[in-house]
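Asks: In mature numbering (1 follows the signal peptide of the UniProt record, and there is no 0), the protein residues as written are -21 to -1, 1 to 265. C-beta: ideal position from N, C-alpha, C; glycine also.
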């Protein structure tokens, strides 16, 4: 059911959306204040964010804003991207909808934002319509979230990974080594079952690549790294002997598992592809 404020805004949006007050800028992050809407709270501000990741912070929200999330380059793969948003634990003051051609679908209620859970949706599902919830005192209301544009296979969160427990085929393993946010050789030390995901503690003996510092070194004289990699709870990962090749995505500063073959199986696969000239990239396996 739409709120009275939202119902009153929809006809105006559908008839003449471009006549509203607009904010257009190629940027990664946006910070605004609802106080600029005081006296004309029916205005809907357009916000354009054109980066693979960034943030939004809306102070003292009143009225509504429309947030358009797009990559800074256009390609056929753009339509297959997903948008993931992670609200701040202090986020409040608004309901967040998906707006596709004037049709709204509720994504996050005000009370759900403070849980800080990641929510993902296809980029073709629409823009974000963020509507202020009327409050007597808006001085403590701030809506804030981080966002990332990701491929469908690497959506962030236990409920949105695409077939996360299904073993990767040979081509997927080789491509993951070349393109994933982290690639590391190591072993599993412990598995903790948390509320919505498993947290795998790993010890890394060879770090090929990491997008951000999700694995930390034990010191200058210690040539090993440790870290945690998350997996959906239903994957039922267990501690196991032997070495693995860990690959995956970094989402909102957390490592999520992608392909993770045993290292000996990866070596066999890699050398076979090398002999056939089908490796998408070179890796130092010495």
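Name the DSSP bridge partner or partners of residue 109?
Replies: 44, 75
Asks: What's the gap between the Cα of residue 75 and the Cα of residue 123?
Replies: 11 Å
Asks: Output yes or no for whether 8 Å exceeds the beta carbon distance between residue 128 and residue 58.
Replies: no
Asks: Kindly give me the distance between the Cβ atoms of residue 93 and residue 71, rounded to whole angstroms, as I take these residues to be in contact under 8 Å.
Replies: 7 Å
Asks: Can the beta-carbon of residue 46 be found closer than 8 Å to that of residue 109?
Replies: yes
Asks: Buried or exposed: which applies to residue 230, given that a residue is buried once 16 or more other Cβ atoms fall within 10 Å of its Cβ?
Replies: buried
Asks: In chain order, what residues of the same chain lie with their CB nearer than 7 Å to the CB of residue 137, ignoring the 5 residues before and after it?
Replies: Residue placement at residue 137 cannot be trusted, given a pLDDT of 44 that sits under 50; what the coordinates show is reported in the next sentence. Here the set comprises 175, 176, 211, 212.
Asks: Smallest Cα separation from residue 205: which of 48, 240, 168?
Replies: 168
Asks: May I have the straight-line CA-CA distance separating residue 190 from residue 115, to the nearest angstrom?
Replies: For residue 190 and residue 115, the gap between their C-alpha atoms comes out near 44 Å.
Asks: Are the CB atoms of residue 245 and residue 166 nearer to each other than 8 Å?
Replies: A distance of 8 Å or more separates the beta carbons of residue 245 and residue 166.
Asks: Select from 261, 33, 84 the residue whose C-alpha is nearest the C-alpha of residue 64.
Replies: 33
Asks: When you compare each of 227, 73, 264 to residue 147 by their alpha carbons, which one comes out closest?
Replies: 227
Asks: Excluding the 5 residues flanking residue 12 on each side, which residues of the same chain have their C-beta closer than 8 Å to its C-beta?
Replies: Residues 37, 38, 39 of the same chain have their beta carbon placed closer than 8 Å to that of residue 12, with the five preceding and five following residues left out of the count.
Asks: Out of 77, 89, 151, point me to the one whose CA is closest to residue 112's CA.
Replies: 89
Asks: So, with DSSP's three-state summary, where would you put residue 58?
Replies: helix
Asks: State buried or exposed for residue 155, treating a residue as buried only when at least 16 other CB atoms are found within 10 Å of its CB.
Replies: buried
Asks: Evaluate residue 41 with the Cβ neighbour count: other Cβ atoms within 10 Å of its Cβ, from every protein chain shown; 16 or more gives buried, anything less gives exposed.
Replies: The residue is buried, with at least 16 neighbouring Cβ atoms inside 10 Å.
Asks: How long is the line joining the alpha carbons of residue 263 and residue 233, rounded to whole angstroms?
Replies: 26 Å
Asks: Give the range of the alpha helix (DSSP H) segment to which residue 171 is assigned.
Replies: Note, residue 171: premise wrong, no alpha helix (DSSP H); beta strand (DSSP E) at 161 to 172.
Asks: What's the C-alpha gap between residue 102 and residue 79?
Replies: 10 Å
Asks: Where DSSP assigns a beta bridge to residue 257, which residues make up the other side?
Replies: When DSSP reads this structure, residue 257 sits in no beta bridge, so it has no partner.
Asks: Count the other C-beta atoms from every protein chain shown that fall within 10 angstroms of the C-beta of residue 119, then say buried if there are 16 or more, exposed otherwise.
Replies: exposed
Asks: The beta strand (DSSP E) that contains residue 99, what's its start and end?
Replies: 98 to 101
Asks: When we look at the beta-carbon of residue 209 and count the other beta-carbons within 10 Å, is it buried (16 or more) or exposed?
Replies: buried
Asks: Rounded C-beta distance between residue 203 and residue 170? I'm assuming under 8 Å.
Replies: Contact doesn't hold; Cβ gap of about 19 Å is too wide.
Asks: From the DSSP output, in three-state form, read off residue 145 for me.
Replies: coil
Asks: Determine the burial state of residue 256: buried for a count of at least 16 other Cβ atoms within 10 Å of its Cβ, exposed for fewer.
Replies: exposed
Asks: Could you please give me the residues that DSSP links to residue 6 through a beta bridge?
Replies: Partner(s): 28.
Asks: From which residue to which residue does the alpha helix (DSSP H) around residue 222 run?
Replies: First-last for residue 222: undefined, no H or E at that position.
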